[in-house]
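Following my numbering from start to finish, the sequence shown increments by one per residue and tops out at 327.
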Amino acid sequence: MESGCLFDIAVVVVTFNAESYIEQCLQSIFTHLPAGYLSTIIVVDNSSADKTLELVCKLKEKGKSLKIVALEENIGFGPANNLAMNVVKARYYVLVNMDAWFIADSIGAAIQTMENSPSIAVCGLPLVFPNGDPQTYAYGFSSWKKWLLQILGIRTLVSRALFIPGVARCISKMPFGKTFVLSQKRHRFDFGSISPAEFDSNLQDVDWVCGAAMILEGGFVKSSRGFDQNIFLYGEDEDLCITAHDLGRRVVVIDVPPLVHVFGWGKNQFNSKVARLKYTSLKYFISKNITKTFDRLLMRLLLPLYVYGWRRLYMAIGAEVEKG
Numbered sequence: 004m005e006s007g008c009l010f011d012i013a014v015v016v017v018t019f020n021a022e023s024y025i026e027q028c029l030q031s032i033f034t035h036l037p038a039g040y041l042s043t044i045i046v047v048d049n050s051s052a053d054k055t056l057e058l059v060c061k062l063k064e065k066g067k068s069l070k071i072v073a074l075e076e077n078i079g080f081g082p083a084n085n086l087a088m089n090v091v092k093a094r095y096y097v098l099v100n101m102d103a104w105f106i107a108d109s110i111g112a113a114i115q116t117m118e119n120s121p122s123i124a125v126c127g128l129p130l131v132f133p134n135g136d137p138q139t140y141a142y143g144f145s146s147w148k149k150w151l152l153q154i155l156g157i158r159t160l161v162s163r164a165l166f167i168p169g170v171a172r173c174i175s176k177m178p179f180g181k182t183f184v185l186s187q188k189r190h191r192f193d194f195g196s197i198s199p200a201e202f203d204s205n206l207q208d209v210d211w212v213c214g215a216a217m218i219l220e221g222g223f224v225k226s227s228r229g230f231d232q233n234i235f236l237y238g239e240d241e242d243l244c245i246t247a248h249d250l251g252r253r254v255v256v257i258d259v260p261p262l263v264h265v266f267g268w269g270k271n272q273f274n275s276k277v278a279r280l281k282y283t284s285l286k287y288f289i290s291k292n293i294t295k296t297f298d299r300l301l302m303r304l305l306l307p308l309y310v311y312g313w314r315r316l317y318m319a320i321g322a323e324v325e326k327g
């Protein structure tokens, strides 16, 4: 059921067992939502088993303006965002991960820029880790070459070399290098000295952006119908950006104050259930978006390593052998 009111901005947060982050996430939105726009906030809870929904309801009871959609089952990240964008009509949708939060008004500058550039369909916002280290938020299209480099650990080696004079310039000219340098060649962010004047709102066109903090133009959402409903988790953001390019629209990142994003903080954490969902989603993504037979075959072969890594894949195979 759609809301009859057309908002300027609708901020969407999809939650699932997010009791550790959701209050900080929502409070940051309340604090940094730009003035002068008709705005709303909608939370879609994917059947959390913890206190997420209780915490969100308490914020609403305190007079905070937000809509809550409580689902009886987990329908996935993309489908839950689609549900929210169907419930609320808006000129711009700001999608924010449940484990991310604003530290300044990044939305206002981005919306103003998008209003002046109607060809933009998707705008990605910068991300940093909780300690201020830069986090990748823009990427080149997925390919077997890119996946192989990541599996081999080239990414870590290259990121350490970016501050050597001339290295970043050379890497940025490589097929996968431009967006990597864009995200990683930044010094640790100083949360104690945030000055909006340091950010110039410059745009850079990219292949795709991270779904943890992205702004979608409402007309594009309507024409594309949002995220692919068949992708439960992982790959939905790249897939949506591919759709934008196919429709002749721009996908960009903008220089505004970053959001803090917890995801990946402590890379030693591993969730086998999430890994299986990632594997299934990316398998579908490959079938849908990789058109050349050779490239599709190599990506299918690399997929287990890409999702699990060498050691975890070996352990997973061993566990299956023991079961059998």
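Think of the CB as a built atom: it goes at the ideal place given N, C-alpha and C, for glycine as much as any other residue.
- Here Glu241 is buried, its C-beta having at least 16 other C-beta atoms within 10 Å.
- Here the region 195-205 makes no contact with the region 68-87; the two share fewer than three CB pairs at distances below 8 Å.
- Between the C-alpha atoms of Leu41 and Ile12 there is a straight-line separation of about 6 Å.
- In this model, Gly135 and Pro129 are separated by some 12 Å (Cα to Cα).
- For Ala83, the enclosing alpha helix (DSSP H) starts and ends at 80-90.
- For the 9 Å CB-CB criterion, Thr116 and Leu219 do not form a contact.
- Within the DSSP secondary-structure output, Asn100 pairs in a beta bridge with Val17.
- Straight-line measurement puts the Cα of Ile245 at about 21 Å from the Cα of Val310.
- Within the region 18-85, complete beta strand (DSSP E) segments of at least 3 residues are found at 42-48, 70-73, given in chain order.
- If you draw a straight line from the Cα of Asp298 to the Cα of Asn292, it is about 11 Å long.
- Nearest C-alpha to Asp203 among Ile154, Pro260, Met88: Pro260.
- Taking 8 Å as the upper bound for CB-CB distance, Val59 and Ile71 are in contact here, some 6 Å apart.
- Contact holds between the region 99-108 and the region 213-228, because three or more Cβ pairs, one in each stretch, are under 8 Å apart.
- Between Arg279 and Val125, the C-beta gap is not smaller than 9 Å, which leaves the two residues out of contact.
- Under the three-state reduction of DSSP, Pro137 is assigned to strand.
- In terms of Cβ geometry, Ile234 and Gly127 do not form a close pair [threshold 9 Å].
- DSSP places Tyr282 within a helical segment (H, G or I) once states are collapsed to three.
- For Phe144, the CB contacts under 6 Å within the same chain, skipping 5 residues up- and downstream, are Asp210 in chain order.
- In the three-state reduction of the DSSP assignment, Val310 falls in the helix class, which pools H, G and I.
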